[in-house]
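Colleague:
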Amino acid sequence: MSIPISARTIAAVGGQEKANENIFGRLGWISMNMIQQESVRICWRIRREEGKKEQREQEEEGEQKEEGEEEEDQKKEEEKDEHEKQEEEKEEQEEEEEKQQQQEQKKQEEDREHEKQQEE
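Counting along the sequence shown from 1, when you hit position 18 you're at 119 in the numbering used here, and nothing is skipped either side.
1. Can you find the residues in the same chain that come closer than 6 Å, C-beta to C-beta, to Q137, ignoring five residues on each side of it along the sequence?
2. Could you pull out every residue in the same chain whose Cβ sits closer than 8 Å to the Cβ of M133, ignoring the five residues on either side in sequence?
3. If you draw a straight line from the C-alpha of E78 to the C-alpha of E150, how long is it?
4. Rounded to whole angstroms, what's the CA-CA distance from K200 to K208? Just pull it up for me.
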């Protein structure tokens, strides 16, 4: 047994299928467009994050360089201070040696004078 289908029904069903294709086609296009937009947003977000990361790394490198330079300056200053201290100690030792030599000379002269006086 066959069900009689009118031409109108066939046209209506065909039209509905065509409408469905258009709707799904449009939805597909809209969803593809949305996916593309979202992927572009994600790409830009990743680029911004990478840029921020690179900037942070550069800042950290700059800070490390500054710290390294400060440490080098501090070491140089300490070496300079130590060198100056050694020079001062050396000068003091030389002064003490000179004083001792002078005292010895005075003593020798006094001893000679004392001997001369005893001889006379």
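Quick reminder that beta carbons are idealized off the backbone N, C-alpha and C, glycines included. Keep in mind it's a predicted model, so treat the numbers as computed, not measured.
Modeller: According to the structure data:
1. Position 36 of the sequence shown, counted from the first residue, corresponds to residue 137. Answer for Q137: no residue qualifies.
2. What you label residue 133 is simply residue 32 of the sequence shown in a count that begins at 1. Nothing listed; no residue qualifies.
3. Here the chain covers residues 102 to 221 and nothing more, so residue 78 does not appear.
4. Looking up residue 200 in the sequence shown gives position 99. Looking up residue 208 in the sequence shown gives position 107. So the alpha carbons of these two residues sit roughly 12 Å apart.
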